[in-house]
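In mature numbering (1 follows the signal peptide of the UniProt record, and there is no 0), the protein residues as written are -33 to -1, 1 to 816.
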């Protein structure tokens, strides 16, 4: 197409005709007032990202200081899922310097078949506001020619339009159980939340003065079409209804000075994330009081909170017969006893009360009490793990847990013969605790935290064990590496013999969030408070209760897009037991979000995506998940903070607890790094990162994985690191002032020969590497083992590698060759060793340097 050339006279005439109408339209206000922003915070994917700090999500986060950037090649694309079919009226592209000269804007109903609504080969960069016409659930910007040698980079991709078939007003209450705040409350019994709880028997009431307000956060920008106010007798004579995108700048959508009280149904038009009722004049001498504030919108409403816990959660209460409960427990165990790589997942939840049962706990099964404290639920019997399924060998008793209940064990001793990824948390054993299988076969555990054992803990054949912030009546013995942090009753420090590493307190802790039932029978999640220099159990303890209505209760089959929509709407996230496929990154961007899994909820990434990323924000808690690498290599399985994160979180750190990673075993998975921690002050409290050595999809070139954990953030605190079989360094620590208490590792079993496992000119890779740039680091109670069963002549030069500086200190380390299958030449740097020979005798170093 060639541009036309028109005489100046013609242009003057045209301007004379169109200028008045143009001015009139500008005076009337922009058309976008009726076309809300649909894309902000929505799920987004891209063909590529330049790096971890420029993800696709940065283009729809509303922050013009963050951006998406692609790889340096053509073509590339970015697309956003609006959640429902929308009529698109404009698309705003805020390009960084790396823009597109040729690109198309496309829409689709299924993310498969695309229709162009705009195209150009002469893109100008900068901010492009494109008036378009089309409809679809998905909007894609498809670049075919770059303006620079770099990729494509957008500060923001903004899509405007309407959803839900135009102006029809929905019937769902978008305010129901959403976060609500107010200028004041008359008292504790009339909080702002009572106006959005769906209960017309509860209410919000303000102080007895003017002005007052109440506002609700809808979670994302929505087109508001109706507001219903159900006033108590203390109503507003003069008030306004307002909307806002940011809870700062407000726009009136309704106002009156003659409010009648009662129930007012107000048809309005405006868009915003926040809706506020702002009272200026009261009708009575009391305050303002609302039974309910209802907000209705056009188009789709974000997923709501609460609901049932799904088919894989078994809830028991004391009114049920012991025989009925025992039958269910037996049925679950029969299915899960040897189901090491199966797809089934279970949670066994006991409401407060006393139960005469024995619960044998198999794979992917969690048993939990639903009391506010462990002693609210008592099992008179056993919560038992043995190893009969594996000939008395407990070294594969993985992926099971017991939490938040008490046991009065039959015979006085409870048996918990487990290995990795099998936490025993917030438990009270009114007797002894035996950690070995019947017959005292091999065992390779394990983890206890926030628990009270009245009697003696009996490890017997357990190779190593970590116990944190607990009270115990005694500890029987140790094999290689028994570590205690903040444990009342722990044996005294005595490494190397007996092999006890004992720290009086734990530097900084926050116990894992847990589900419980309140006095009204409603589910809540309790989030324990942060503790400094902690010792002993934390219950009853202080913290915050969050009602389940503020959680999106995910169930197997839920898409990552649905989960992201729930997170973007301000909900927390509860994964019920099952398998979840993530075809896009699950983005946890809001401070203080709780992400809690039950029954080893498992997330499998599809097409090589990073399944979960956490923003560099305060107080996110992620607990109780298993990430299982997919068939296409993922660069990372979980990222905490983007690359370059620098915000301080000492007062409210991110915490990662009982989060497990697997590459291979259930299927042939691949992931370069399992966990990357970029955020400062993060607490890692019990992980098992495992590149599989048995099962399906196992082989040196099959289930490929470089590193289990990379720590780039400063002041990161790690407890209970179990990291095994990765093909390069198992752990790389780049951040300053990091601390680790307990580390257990096995090097990869399967290097085909020495030449295949070289770090430059160095034989193999150390298990725990502190970067040369680090000036401050400290670690206690660390063990690295080798079992090179493909080529037993393979040598690892050292178990641990660190710069030699006064600020970098290691305490109580060991290396061991299991059955003489391979050699570890030195324990740390060139100190200690070699670990070799069929006697399987550890080589120990008490302190370095």
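Note that CB positions come from ideal geometry on N, CA and C, so glycine has one too. All figures in this text were calculated on a predicted structure; none of them were measured in a lab.
- Here residue 543 has 276, 277, 279, 280, 314, 520, 521, 522, 523, 565, 566, 568 as same chain residues with Cβ atoms under 8 Å from its own Cβ, once five neighbours each way along the sequence are excluded.
- When only Cα atoms are considered, residue 300 and residue 328 end up about 6 Å apart.
- Residue 229 counts as exposed, since fewer than 16 other beta carbons sit within 10 angstroms of its beta carbon.
- Sorting 247, 70, 282, 458 by C-alpha distance to the C-alpha of residue 85 places 70 at the top.
- Distance from the CA atom of residue 351 to the CA atom of residue 397, rounded to whole angstroms, is 14 Å.
- Residue 356 sits in a helix when the DSSP states are folded into three classes.
- For residue 13, there is no enclosing alpha helix (DSSP H); the residue is part of the beta strand (DSSP E) that begins and ends at 11 to 13.
- Straight across, the Cα-Cα distance linking residue 671 with residue 637 is about 5 Å.
- Taking the C-beta atoms as reference points, residue 233 is found no nearer than 8 Å to residue 181.
- Between residue 112 and residue 65 the beta-carbon gap is near 12 Å, outside 8 Å, which marks them as no contact.
- In the three-state reduction of the DSSP assignment, residue 183 falls in the strand class.
- Scanning its chain for C-beta atoms nearer than 8 Å, with the 5 sequence neighbours on each side dropped, one finds around residue 41 the residues 110, 111, 112, 113, in chain order.
- Collapsing the DSSP output to three states places residue 167 in coil.
- At least 8 Å separates the beta-carbon of residue 25 from that of residue 13.
- Selection 533, 563, 418 evaluated against residue 502 yields 418 as nearest (Cα-Cα).
- Distance from residue 404 to residue 354 at the Cβ level is roughly 4 Å; contact confirmed, criterion being Cβ atoms closer than 8 Å.
- Under the DSSP definition of a beta bridge, residue 365 lacks any partner.
- Residue 795 has 767, 798 as its beta-bridge partners, per DSSP.
- The residues 269, 536, 537, in chain order, have a CB closer than 6 Å to that of residue 186 in the same chain once the five nearest residues on each side in sequence are set aside.
- With a cutoff of 8 Å on beta-carbon distance, residue 534 and residue 557 are scored as near each other.
- Secondary structure at residue 443: coil, using DSSP grouped into helix, strand and coil.
- Sorting 142, 680, 627 by C-alpha distance to the C-alpha of residue 737 places 680 at the top.
- Sorting 82, 745, 273 by C-alpha distance to the C-alpha of residue 700 places 745 at the top.
- Distances from the CA of residue 790 to each of 304, 807, 775 were compared; the closest alpha carbon is that of 807.
- Minimum Cα-Cα distance from residue 382 among the listed residues 389, 400, 231 corresponds to 400.
- Taking all protein chains shown into account, residue 682 has 16 or more neighbouring C-beta atoms within 10 Å of its C-beta and is therefore buried.
- Excluding sequence positions up to five before and after residue 93, its CB lies within less than 7 Å of the CB of 62, all in the same chain and listed in chain order.
- Within the model, the alpha-carbon separation for residue 667 versus residue 273 is close to 44 Å.
- Taking 8 Å as the cut-off, the Cβ atoms of residue 345 and residue 368 do not count as close.
- Using a Cβ distance threshold of 8 Å, residue 447 and residue 430 count as a contacting pair.
- Straight-line spacing of the CA atoms in residue 165 and residue 140 works out to 9 Å.
- Three or more Cβ pairs closer than 8 Å define a contact, and the stretch 207 to 219 meets that threshold against the stretch 238 to 247.
- Per DSSP, residue 192 has no beta-bridge partner at all.
- Just measuring C-alpha positions, the residue of 129, 75, 594, 89 sitting nearest residue 107 is 75.
- With fewer than 16 other beta carbons inside 10 angstroms of its own, residue 135 counts as exposed.
- Nearest in C-alpha terms to residue 490, of all of 188, 499, 337, 710, is 337.
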